[in-house]
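Undergrad: Residue numbers (our numbering): 3 to 84.
Glycine residues also receive a C-beta, built at the ideal position from the N, C-alpha and C atoms.
Every value quoted in this text rests on a predicted model; they were computed, and no experiment measured them.
#1: By how many angstroms is the C-alpha of residue 46 removed from the C-alpha of residue 40?
#2: Using only alpha-carbon positions, find the residue among 4, 20, 48, 3 that is nearest to residue 77.
#3: Under 7 Å between the Cβ atoms of residue 36 and residue 13?
#4: Is residue 34 near the ligand MG, in the sense that its beta carbon is under 6 Å from a heavy atom of that ligand?
#5: Tell me which same chain residues have a C-beta within less than 8 Å of the C-beta of residue 42, skipping the five on either side of it?
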């Protein structure tokens, strides 16, 4: 088993679903999630709440959200809707 920030779990899940990293997204709340997404070349959506040890605004993300209800619109802006 691998642990974040190793991207193995993320890439394995994407592969099992028959998807591609570019057509997927990592939804997270901390620096380990950001590192895993970058290592997997997966778009990153960060939440401003959660278990972050650093301010999510300082992490390079493709979208930064205050509420989970904002996720569908964020994914649409990233071109990640079915």
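TA: With the structure as the only source:
#1: 8 Å
#2: 48
#3: no
#4: The ligand MG is not part of this structure, which contains no ligands at all.
#5: 9, 12, 13, 16, 23, 28
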